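In order, the protein sequences belong to chains Z, Y and C.
For the record, in the first sequence the residue sitting at position 24 is 24 according to the numbering used here, with numbers rising by one throughout.
To convert a position in the second sequence, counted from 1, into the numbering used here, add 280.
To convert a position in the third sequence, counted from 1, into the numbering used here, add 615.
Using N, Cα and C, we set each Cβ at its ideal position, and we do this for glycine too.
Here the structure is a predicted model, which is why all the values come from computation and not from measurement.
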Amino acid sequence: MERNPYVPIPVDVAKITTEVTTKDIKTFRFAFVNKEDEEAFAYLPGQFAELSIFGKGESPIGIASSPTDRGYVEFTVMKAGTVTSELHNMEEGTRMGIRGPLGNTWPLEYLAGKNVVLVGGGFAFTTIRSLINYMLYEENRSRFGKITVVYGAREPGLLLYKDELALWEKRDDIEMNVTVDKGDADWKGKEGFVPAICKEVAPSSENAVALICGPPIMIRFTLPEFFNLGFSKENIFTSLEMRMKCGIGKCGRCNVGSKYVCKDGPVFSLAELDALTPEY
Amino acid sequence: MENIEKQLREAAGKLLSEKKVDALVGYEKGTLPYQTAPCVITEPGEADKLVWNSFCSVNLAKYVHDIIFQHRESQKRVKPEDRKKKVVGIVARGCTTRSIILHLQEKQYERDEVVIIGVPCAGYVSNKKLNLAAKGKEIVECSFDGDTLAAVTQAGSMSIPLKEVLSDSCLSCRYNNPIISDMMIGNPAPPMNPGSEYVNVDEFENLSDEDRWKYFSKEMAKCIRCYACRNTCPSCYCKVCFVEQSQPKWVGVSIDESDTQVFQIMRIFHQVGRCVDCGSCIEVCPMGVDLRKFLKKLDKDGVNLFEHRAGESLDSPPPLSAHSTYDKEEFIFEP
Amino acid sequence: METRLIKKDLLAGLIKGLAQDTLVYAPVQDEDNVLFKVLEKGMEPLTEYDNTKNAPKNFFFPQQETLMRYLKKERGSELLGVPGVTAEAVLFGVRPCDARSFVLLDNIFDDPQYRDPYYVDRREKTTIISIACTRPPYTACFCTSVGGHPLSSEGVDVSLIDLGDNWLAEFVTEKGEKLMKKLGDLPKGDEQWASKKEALAEKAAGAITTKIPGKDIKPWLDENFDHPFWDTIHASCLACGTCTYLCPTCHCFDITDEIKKSDGRRVRSWDSCMYWLFTHETSGHNPRTSQKQRWRQRFMHKFKYFVDNFDAIACVGCGRCVMYCPVNIDIRKIAQDISKL
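In structure tokens form, the structure reads like this:
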């Protein structure tokens, strides 16, 4: 029987990791209650799901784990509204629901054989993390060219996935450029805003695609740097956020022009966005 | 009426050309024969589209509030020393001026932010009553002929006495001439029949508790939660209405019986001493919910307990915003 | 196609007969309004009426419906189930414009990628009987400008056409023919019917005098998202939901959780793009902060976005938003004004 797209898949909160010193961003690892649901929840980096808590509602969140991580799925969530606040109060072992996977993916086919530049700012690094883990997976790595990452946060305590960042730094098949606006006594990495670091790193646009995610102000100042480097609008992708309810293109609120961010997005190239209305 | 329209257009054009107002709210001819449409004009040349007749229904004071508040919002991006006031002109009948008085008493804007062109009012046509008079048939042509309306429907033409289709609020209106104004157009209108103001309320009060609740439930079951009543009401100007708050969520969004009743009952109770009986909420309701009975009941209580009528004078603040040692208190101890 | 004749004064009785063992939704007089309601014992279905105030979309896509029930426990909660399969039903007395709205809504709710089980289930089990507009009821009608026709049977299973003394019933679909058997013995329709219908159709379409530019303005809409035209149309808009809630094609909704003690429901309710909260994000960001943007969205959705996606205008020309907008914002005038730019 066809699955009812409104009914969430039952999951248990398996692990909660507090990511930042301000404690308002946590990563939730969910384990599927039913084995067959895990099979059905086949996703790719860039997709999202509705985190569903009965009695509170649902919240659309990008998937932070990679499909190569078997047995669980992870979401990194900032405490903001009713649902995410409830989530932040949860303990490991609590049962809740997820509905998905929803939306399109990072352009994986298009990225194959190309150099990939990943730019993330602050909290908007979650689906890029999914993609990094996906591309670094042993069986996948050879499908992609050079991987360059620029990731920035306001201060060291606000960087996500610190253990993984350290592991990636040690590898020679990915170039990491982690920066903070302002470092502290222990900070040994780069200091400076993301656009400036992009300029400094100056990734080549030759056979390359850039994926940029971050707060609007960061995107606004980062894009010119990439245009200067010769990246075309077809080769720059971003992921949009909108208020959503159904996640399946029916409830009508997340449209940008004739596209629904939930169904046709969230990933769009700048060329695609240019063809849409500027309401997002 | 035509003479009033002519003077109105002159006055409005003059205010705009002399830059005494930045925008002016009035009524223009509608696309349907029995309706006018509220309009906001900013150029003197547009003044000629203003109309004034018995199809001018909704209370325009809400627009004054909205325009001023939107302007203030946009001024937030301007340096404090460069911020400017926006002065809004308004075509105002008695009830509209009562709403403006209420806004001023509740410190929503200053007196110098609004320029009031007062117009005398002989009442407006209730669409609901007109529809009943036309036996539910669409009116395709309609014009005034003295005290009657000449209407044409697909079923034929008919002559309807104006008095039969005037809004209930108008028929028992106590203030059909502007209470405050910066200029007056035309001669004061003859009084309506305020003596009949509470006839419906008196009847309602005589019903048993069960019958009153039955009536309330029946009326509220018609509500589709479109919020037209709240959005047209000049007294409903909260930036975020309680129905839209989510933390905490006071009321559900559905048309579940209890949700609709809570929405309406809370809105009505927020009108204690603040409802000017302009009738706009009833007029805009697409489903014909009888809101007036409940609003008038509170109005009557306000008169009986506090000798107060909303917006009747700048010197008489709403009873719940003022304290007097003579305030009645039995309703607290012996409700 | 099978046709039958039904005597004028027998129709209401036939429908009431159906209602004895089948769920029937029909236009009824409800105080001052004509509304689509579930036909219960003692209620009289109207056969002579202009159109209902509420659109019949309510039947397939109710203003509120429970998507699922759950039990709230001390820790977490347990899904109790989704509402079961609905019963066979008859939707009687739909005007052709409103019947067309179902065909348009199917694009959304019967999308093969994500089928909406609630809508699709009711849609599949419901037989739709229309009453053709041999005399279009309102001057505000403009179905012919947006792809419809007063005698159209698009989206209809049984089409009733007023022949004076009789209704001519056309059994358009298999579902319709199945219903025909339930109606008992009825005389067959006239063999010459086809030519007569053409004349009636022409007359009815001719009676619709309101013309608006439909797809003609699409190229302008494609290019003019930022045109100053949009700066003024919303000025008098109250930002209420009357136009969207009475509209047969508006389909936006909200999903909320409602809990009484431990009994929880996830509920879908209509929502409106006219409301500021509609797109307001938790962060405080709102892609549509002004009523100008919201009005442009409503118009663009109907006359551009829906056309982009489904090659049809999301408006059936029923005239409800024109007649019931409390401040007389007239979608016909907006379309006409655009065509003059």
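Query, Result
"7 Å Cβ cut-off: residues of chain C touching Asn-89/Z", "Those within 7 Å of Asn-89/Z in chain C number zero; the least Cβ separation is about 11 Å."
"Under 8 Å between C-beta atoms of Ile-219/Z and Ser-130/Z", "no"
"Cut-off 8 Å between Cβ atoms - residues of its own chain near Gly-122/Z, not counting five sequence neighbours on either side", "Gly-152, Ala-153, Arg-154, Leu-158, Gly-214, Pro-215 and Met-218"
"Straight-line Cα distance separating Pro-278/Z from Asn-901/C", "12 Å"
"Touching by the beta-carbon criterion (3+ pairs, under 8 Å), the stretch 51–61 of chain Z and the stretch 105–124 of chain Z", "no"
"Members of the stretch 221–249 of chain Z near chain C, C-beta cut-off 8 Å", "Glu-241, Met-242, Arg-243, Lys-245, Cys-246, Ile-248 and Gly-249"
"Within 8 Å, strictly: CB atoms of Thr-105/Z and Leu-44/Z", "yes"
"Straight-line Cα distance separating Val-7/Z from Asn-34/Z", "14 Å"
"Beta-carbon proximity of Cys-867/C to Thr-859/C, cut-off 8 Å", "yes"
"is_contact[Val-823/C, chain Z] using C-beta, thresh 8 Å", "According to the sequence shown, residue 823/C is Ile rather than Val. Not closer than 8 Å to any Cβ of chain Z, the Cβ of Ile-823/C fails to qualify, so no."
"Local conformation of Cys-422/Y per DSSP, three classes", "strand"
"Three or more C-beta pairs below 8 Å linking the stretch 814–830 of chain C and the stretch 746–761 of chain C", "yes"
"CB contact check: Gln-678/C to chain Y, cutoff 8 Å", "yes"
"Residue-chain proximity (Pro-5/Z, chain C), Cβ-Cβ < 8 Å", "yes"
"Minimum C-alpha distance to Asp-462/Y - residue among Gln-434/Y, Gly-398/Y and Thr-433/Y", "Gly-398/Y"
"Cβ separation of Asp-607/Y and Asp-579/Y, assumed to be a contact under 8 Å, to the nearest whole Å", "Not a contact, Cβ separation roughly 17 Å."
"N- and C-terminal bounds of the beta strand (DSSP E) containing Thr-148/Z", "147–153"
"Contacts of Thr-741/C in chain Z (Cβ-Cβ under 7 Å)", "Result: empty, since nearest Cβ-Cβ is about 19 Å, beyond 7 Å."
"Min CB distance Leu-719/C to chain Z below 8 Å", "no"
"Proximity of Leu-706/C and Ile-744/C at Cβ, strictly below 8 Å", "yes"
"Sequence-distant residues of the same chain with beta carbon closer than 8 Å to Arg-253/Z, five excluded per side", "Met-242, Arg-243, Met-244 and Lys-245"
"Opening and closing residue of the alpha helix (DSSP H) in which Ser-354/Y lies", "341–355"
"Partner residues on chain C for Ser-283/Z, Cβ-Cβ distance less than 7 Å", "Residue 283/Z is absent from the structure shown; chain Z starts at 1 and stops at 280."
"Alpha-carbon to alpha-carbon, Gly-103/Z and Val-261/Z", "8 Å"
"For Val-83/Z, the three-state DSSP class (helix, strand or coil)", "helix"
"Short CB-CB distance (under 8 Å) between Met-616/C and chain B", "Judged by its chain identifiers, the structure shown contains no chain B, and its protein chains are Z, Y and C."
"Cβ-based contacts, 8 Å cut-off: residues of the stretch 515–532 of chain Y near chain C", "Glu-524 and Gly-532"
"Supposed close pair Asp-726/C, Thr-701/C - CB separation, criterion 8 Å", "That belief does not hold up - the Cβ atoms of Asp-726/C and Thr-701/C are roughly 20 Å apart, past 8 Å."
"Contact under 8 Å by Cβ, Glu-175/Z with Val-209/Z", "no"
"Of the listed residues Leu-384/Y, Lys-286/Y and Thr-433/Y, nearest to Glu-592/Y (C-alpha basis)", "Leu-384/Y"
"Neighbourhood of Gln-544/Y by C-beta distance below 7 Å, restricted to the same chain and skipping five residues each side", "Met-500 and Cys-503"
"Distance, Leu-312/Y Cα to Gln-434/Y Cα", "15 Å"
"Tyr-134/Z, DSSP secondary structure in three states", "helix"
"Under 8 Å from the C-beta of Glu-663/C: neighbouring residues of chain Y", "The premise fails here: Glu-663/C is roughly 11 Å from chain Y at the closest Cβ pair, so nothing lies under 8 Å."
"Ala-641/C - containing beta strand (DSSP E), residue span", "638–645"
"Proximal chain Y residues relative to Val-643/C, where beta-carbon distance stays under 9 Å", "The contacting residues do not exist; Val-643/C stays about 13 Å from chain Y at best."
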